[in-house]
Amino acid sequence: METVRTLALNFKSAEGKNKAVRLNNPQDQVSADQAKTAMDAIRDTDIFKDDAGDLYATSVNAEMIVKTTEEVYKAEA
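Our numbering applies: residue 9 is where the sequence shown begins, and numbers increase by one.
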């Protein structure tokens with residue numbers, strides 16, 4: 009069985025579109041303050057823009073996604 013963790017930092021762009029930054033293999037415990045600090049840093053860098061404006065204009069939420077994969081069958085080689 010394999011477990012993969014991903015931290016999803018979700019934003020709204022200046023156009024109101026959903027945007028996300030996904031970080032693979034984050035530490036086991038990520039606090040709300042740590043997530044907020046990371047999201048504020050991404051939002052405040054002011055380097056993620058396109059013609060329509062800021063891609064990460066507004067912080068929405070952070071989610072820890074935990075995916076577990078269990079092999080059910082494997083053919084013999």
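For glycine and all other residues, C-beta sits at the position ideal for the given N, C-alpha and C.
Of the residues K82, A85, M72, E79, the one placed nearest V38, counting alpha carbons only | M72
Out of E23, M9, N33, N26, point me to the one whose CA is closest to L15's CA.
-> N33
Rounded C-beta distance between A22 and D62? I'm assuming under 8 angstroms.
-> 5 angstroms
Grouping DSSP H, G and I as helix and E and B as strand, with all else coil, what is K20?
-> It is a strand residue.
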